[in-house]
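Chains as they are written, first to last, in our numbering: chain A, 1 to 247; chain B, 1001 to 1247; chain C, 2001 to 2247.
Ideal Cβ positions, reconstructed from N, Cα and C, are used throughout, including at glycine.
Notes to accompany the following structure.
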Amino acid sequence: MIHPSAIIEEGASIGEDVVVGPFSIIHGNVTLGDGSVVDSHCVLGHTEPGLAPAPLIVGPDARIRSHSLLYGGSEIGSGLQTGHRVTIREGSSIGESLRVGTLSDLQGSCSIGNYVRFHSNVHISQASTVGDYVWIFPYVVLTNDPHPPSDGFLTGVTVEEFAVIATMSIILPGLTVGRDSLVGAHSMVNRDVRPGAVVAGTPAKDRGDASAIELRDGSGPAYPWRRHFHRGYPDDVVAQWKAEFGS
Amino acid sequence: MIHPSAIIEEGASIGEDVVVGPFSIIHGNVTLGDGSVVDSHCVLGHTEPGLAPAPLIVGPDARIRSHSLLYGGSEIGSGLQTGHRVTIREGSSIGESLRVGTLSDLQGSCSIGNYVRFHSNVHISQASTVGDYVWIFPYVVLTNDPHPPSDGFLTGVTVEEFAVIATMSIILPGLTVGRDSLVGAHSMVNRDVRPGAVVAGTPAKDRGDASAIELRDGSGPAYPWRRHFHRGYPDDVVAQWKAEFGS
Amino acid sequence: MIHPSAIIEEGASIGEDVVVGPFSIIHGNVTLGDGSVVDSHCVLGHTEPGLAPAPLIVGPDARIRSHSLLYGGSEIGSGLQTGHRVTIREGSSIGESLRVGTLSDLQGSCSIGNYVRFHSNVHISQASTVGDYVWIFPYVVLTNDPHPPSDGFLTGVTVEEFAVIATMSIILPGLTVGRDSLVGAHSMVNRDVRPGAVVAGTPAKDRGDASAIELRDGSGPAYPWRRHFHRGYPDDVVAQWKAEFGS
């Protein structure tokens, strides 16, 4: 299951039933859980020259697609799924079942909850905190430097549970995007987003409650999305959501 | 012409005079036309684990640059040219002479016409329809989900013939960008763009007719661009354009 | 120090104490300075089929991270540092100590000064001119075509010394971003930015002098940033900056 052209360094701990594709490299500081599948041209456990390798722990059933790169020094829960050309740097603390799309770049030193969904080409700066069940769509950037370039002033963004940030929006440093809120596409957010709000524009303005947005088929509110969107979540979690909304 | 480090799986159909660079992989479900050149570190015919491989058909004279990835399950006309690190996913129906720049990501299940030009870092969502001779510039996203995340509501964008979408603009789901229109840079388009219009802003507003924009040298209207821009198109097509505008 | 799977073409000039990682390719037209470290899956000296290879000269102490690609036909000063998946095309004239982040794409035929900092996912079009000590943040695009697509009208952007362009902004073709100025995040710049100004919005408006922005700890102005930010610059340069501001 390990392609003969792949390089598995001595010391790497590879679980049962793991697949590693051609031209991939698993460094000696990596622990890769059972049932994981790593495509071709990947690097797991990258360490900068001159630094001591730090452990990279990837839970079971990971699916790491081609040309992706994970640094040493992070711990990632079970069920990771990456797209292609994904970068996850050191110091990332990542919960279960993260899905992170093609070209996305997690700059490290961040905290990511469970069942988080990053679509393609998302940029998560250092010092970001992302809660459980958050959705972030393509070309979104979470920033961290209030006076770029500055030193010692980095303040990451906090995105709370169930929040959604739509395509090509940025969140300025140190802000909080509240629980169940929605940031509209192509927005520049320069103040905190209150829980349950929808904001949009440059700069983004409060447009009311996200729960006022109706699904196109007239079946009810589009937000909080867990009212109607259940694909990919565990049965017990979905049961809880259904109970919450009486559906 | 096939580098010894490249992996050509049994079953792959490789045309005459094909070049495949080092560390590239051509899976067994691939048909690659005569005269094609594939750089290093590419993957053609990717299939997700557990799925049956679907054919990837790439027409003759393809030029696929390094680190690019094409899934199985698409059909691509002759003369494809990709930049580096391009992704083309399954279910893509692509006409002749597509040029798609570095880092661009076609998410699959889309229909792309002939002589389409995607510049670098363009994101084409599933269910998009792009007509012949369209130009899309860097960091443009065609979206598809009116209430992200939603299920069963995906509605792709339609971009009609000769339309131009400038840098870092997004088009909201289900909209049509009309024939010969121009979307200005850094715009958020939230309604249909009428044929021949120029729109710009967040949200984008109708600013009149694109044909009112003059070339800087005073030689005439800049749009429709086929009045003056002919590089890379077939002679008979250019002759038709010249006749159309009496030049 | 050269991994056995790496391909070093005949004619390549590799300095002392150079490291080249697995599955990387150094073409015969490359001169790579002493003490350089090239990660895995890189390509140095790429030449398009049918063209004569032009020299790629990379100064000493380069640090080129994985999956990066440098074309032949450029000259790059000492101390280059790239992130992962960086592209630098032909005709680039690059000074000393460029740092360019993951996924950034320099399209070539550009002039880049000394000690320039491009963060991740920056797009530098052909014909751009970037002065010494400039900072450009993620998802910024310098454009070059006033009437896309056009031919013979390309006019690049000029970014003067010490200027800062924040995340997800674009600069329209032919404009100058003045010395010591600041372009706010998510802006669309459609006129020249005067030296020392801060501009922001879509389109960007002049918001006064950047020097009026205070650091959050009350220690003084945030701009020009060289008043307080010195990390990574040579001692003699920093001494000069300190003298300039009497600190």
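- The C-beta of B/N1121 comes closer than 8 Å to at least one C-beta of chain C.
- In terms of CA proximity to A/G95, A/G131 leads the group A/S247, A/G131, A/I136 and A/K205.
- Given a length threshold of 3 residues, each whole run of the beta strand (DSSP E) inside the region 2013-2044 of chain C is given here in chain order: 2030-2032.
- C/T2202 has a beta carbon lying within less than 8 Å of a beta carbon in chain A.
- Closer than 9 Å at the C-beta level to chain C, one finds these residues of the region 144-160 of chain A: D145, P146, H147, P148, P149, S150, D151, G152, F153 and T155.
- Within the same chain, Cβ atoms closer than 8 Å to the Cβ of A/I213 are found at L182, V198, P221, A222 and Y223, the five residues on either side in sequence being excluded.
- Remark: fewer than three beta-carbon pairs, one from each stretch, lie closer than 8 Å, so the region 2050-2063 of chain C and the region 53-64 of chain A are not flagged as touching.
- According to the DSSP assignment, A/D236 belongs to no beta strand (DSSP E) but to the alpha helix (DSSP H) extending over D235 to E244.
- Between B/G1101 and B/V1134, the C-beta gap is not smaller than 8 Å, which leaves the two residues out of contact.
- Per DSSP, B/G1208 is one residue of the beta strand (DSSP E) stretching across A1204 to D1209.
- With the criterion set as a beta carbon lying under 9 Å from some beta carbon of chain C, the members of the region 53-86 of chain A are H67, L69 and R85, in sequence order.
- Cβ neighbours of C/H2027 within its own chain (closer than 6 Å, five residues either side excluded): E2009 and G2045.
- Between A/G156 and C/Y2115, the alpha-carbon positions lie close to 26 Å from each other.
- Contacts between A/Y133 and chain C, judged by CB atoms closer than 7 Å, are missing: the closest CB pair is about 25 Å apart.
- For A/V58, the uninterrupted beta strand (DSSP E) run begins and ends at L56 to V58, by DSSP.
- In the DSSP assignment, A/S93 falls within the unbroken beta strand (DSSP E) covering S92 to I94.
- Beta-bridge partners of A/A200 (DSSP): A/K205.
- Look at B/P1138: its C-beta is not under 8 Å from any C-beta on chain A.
- Scanning its chain for C-beta atoms nearer than 8 Å, with the 5 sequence neighbours on each side dropped, one finds around C/G2208 the residues A2197 and V2198, in chain order.
- In chain C, no part has a C-beta under 7 Å from the C-beta of B/H1027; the shortest such distance is about 18 Å.
- Taking the CA atoms as reference points, A/G35 sits about 10 Å from A/I14.
- In the three-state reduction of the DSSP assignment, A/R216 falls in the coil class, being assigned neither a helical nor a strand state.
- In the DSSP assignment, A/S74 falls within the beta strand (DSSP E) that extends over S74 to I76.
- A contact between stretches requires three or more CB pairs, one per stretch, nearer than 8 Å, and the region 1225-1245 of chain B fails this requirement with the region 231-246 of chain A.
- In the structure shown, C/R2226 falls within a helical segment according to DSSP collapsed to helix, strand and coil.
- In this structure, A/T143 lies near C/A2185, with their beta-carbon atoms less than 8 Å apart.
- Each residue's CA atom was taken as its position, placing B/T1167 and C/A2200 some 18 Å apart.
- For A/H41, the nearest beta carbon of chain B is closer than 8 Å to its own beta carbon.
- With respect to chain A, the C-beta atom of C/F2245 has no partner C-beta closer than 8 Å.
- Rounded to the nearest whole angstrom, the CA to CA distance from C/D2151 to B/V1140 is 21 Å.
- Spanning the alpha carbons of C/G2072 and C/F2023 requires a straight line of approximately 19 Å.
- With fewer than 16 neighbouring CB atoms inside 10 Å of its own CB, B/L1051 falls in the exposed class.
- Contact note: A/F118 does not reach chain B at a C-beta cutoff of 7 Å; the least C-beta distance is about 12 Å.
- In the same chain as A/I165, and ignoring 5 residues on each side of it, the C-beta atoms closer than 6 Å to its own belong to I136, V140 and V183, in chain order.
- Within chain C, the residues placing a beta-carbon under 8 Å from that of B/A1185 are T2143, I2170, L2172 and M2188, ordered along the chain.
- Residue contact check for C/R2216 against chain A: a CB pair falls below 8 Å.
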